[in-house]
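Going by my numbering, the first residue of the sequence shown is number 4, and it counts up by one from there.
Input: a single structure, listed below in C-alpha cells.
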Amino acid sequence: LLDGLGIENLEVTRVGGPTSHYWNLVNCGGGWYHFDATPRSSKMPSFVSFMFTDAEAADYTERAGRNYYTFDGSLYPERAVDPPSEEAEE
4 LLDGLGIENL EVTRVGGPTS HYWNLVNCGG GWYHFDATPR SSKMPSFVSF MFTDAEAADY
64 TERAGRNYYT FDGSLYPERA VDPPSEEAEE
C-alpha cells in the first residue's frame, strides 16, 4: 500500500519478545516516523500508530509489554524526534 502511494518506507523487524511483529518506517517528507497497520487486540492499550516517534514507541512498549516496538535502531535511518507538526499532516 505504501509503495503504491509513493510513500518512502522500510520494513522494521522487532527484536525480542514471544512473537514476531513487523511495522514500517515512513518518510512523508518530514523525516522518518514509525507506522504500524497491524490491528491490535482490544486487550492492548490504545495507541495512534501512524507517524509516531521512537519515544512514543518506547512508551507504548513499556505499557503493552512483550517488547512490542523493540528494534535495532542502528539498522535504520535516523528517525524524527518530534511528532509531526499539523502542517506536515495536511
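Beta carbons: idealized from backbone N, C-alpha and C, even for Gly.
All values reported here derive from a predicted model rather than from experimental measurement.
On the DSSP letters alone, give me the boundaries of the alpha helix (DSSP H) that residue i sits inside.
i   : result
Y63 : D57 to A67
Which value, in whole angstroms, describes the spacing of the CA atoms of residue i and residue j?
i   : j   : result
C31 : E11 : 7 Å
E92 : R69 : Reliability fails at E92, whose pLDDT of 48 lies under 50, so the model's placement of it is uncertain and no value is given.
S77 : W26 : 16 Å
S88 : D62 : 20 Å
Are the CB atoms of residue i and residue j nearer to each other than 8 Å?
i   : j   : result
T56 : V18 : no
Considering only C-alpha positions, which residue in the set the options is nearest to residue i?
i   : options              : result
A83 : V15, L8, L28 and L13 : L28
E14 : E65, D39, L8 and F50 : D39
P86 : Y71, S23, G34 and G7 : G34
M47 : L8, Y71, G20 and L5  : Y71
Within 10 angstroms of the Cβ of residue i, are there 16 or more other Cβ atoms? Answer buried if so, exposed if not.
i   : result
A58 : exposed
Following the continuous beta strand (DSSP E) through residue i, name the residue where it begins and the one where it ends.
i   : result
T16 : E11 to T16
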